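*Asks:*
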Amino acid sequence: MHEQLEHITTLSLEGTIRIQVLPHAAPVASPGTPFRVLTLTETQTVAYVEHALGGETYDAPERVGDLRTLFSALQAEALSPSASVDLIRTINGAHHAHVA
-9 MHEQLEHITT
1 LSLEGTIRIQ
11 VLPHAAPVAS
21 PGTPFRVLTL
31 TETQTVAYVE
41 HALGGETYDA
51 PERVGDLRTL
61 FSALQAEALS
71 PSASVDLIRT
81 INGAHHAHVA
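Each residue of the sequence shown is one higher than the one before, starting from -9 at the first, in my numbering.
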């Protein structure tokens, strides 16, 4: 796990990815399953929701809108990207020191 967290940190610092950690105490309810909102064209946005048997794609505007609203709420409660990297580094350093 140490190397994985290092890799995530490196990708974030390089600007390849943007990561935000959601604290356990966040008041927003977690969706429980991973989801993505994808903008395909200027007028078409879809959502993909994963579950135990695979996943489902939604293109109905109300479903996509609900997931966009949820994502916005989660993002508002999450740590900033730089604070998230700092937290990952702290956790990774403490874990590595404990294992070493």
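Quick reminder that beta carbons are idealized off the backbone N, C-alpha and C, glycines included.
None of these values were measured; they are calculated from a predicted model.
Just verifying my parser: in three-state terms, what is the DSSP assignment at Thr(-1)?
*Replies:* helix
*Asks:* Cβ atoms of Pro24 and Val39: under 9 angstroms apart, would you say?
*Replies:* yes
*Asks:* Taking 6 angstroms as the limit between beta carbons, can you name the residues of its chain near Glu91, skipping five residues before and five after?
*Replies:* The shown model of the chain, from -9 to 90, leaves out residue 91, and the question about it has no answer.
*Asks:* Which residues in the same chain have their Cβ closer than 7 angstroms to the Cβ of Val54, if we skip the five residues on either side of it in sequence?
*Replies:* Val27, Thr35, Val36, Ala37 and Tyr48
*Asks:* Quick check: what's the CA-CA separation for Asp56 versus Gly83?
*Replies:* 38 angstroms
*Asks:* Entirely within the region 1 to 36 and at least 3 residues each: give me those beta strand (DSSP E) ranges in chain order.
*Replies:* 25 to 29
*Asks:* Could you check whether Val11 and Leu60 sit closer than 9 angstroms to each other, using their CB atoms as the reference points?
*Replies:* Contact check for Leu60 against Val11 fails: the beta carbons are separated by 9 angstroms or more.
*Asks:* Provide the residue(s) that pair with Glu40 in DSSP beta bridges, ordered along the chain.
*Replies:* In the DSSP output, where bridge partners are listed per residue, Glu40 has Gly45.
*Asks:* DSSP three-state call for Leu60: helix, strand or coil?
*Replies:* helix
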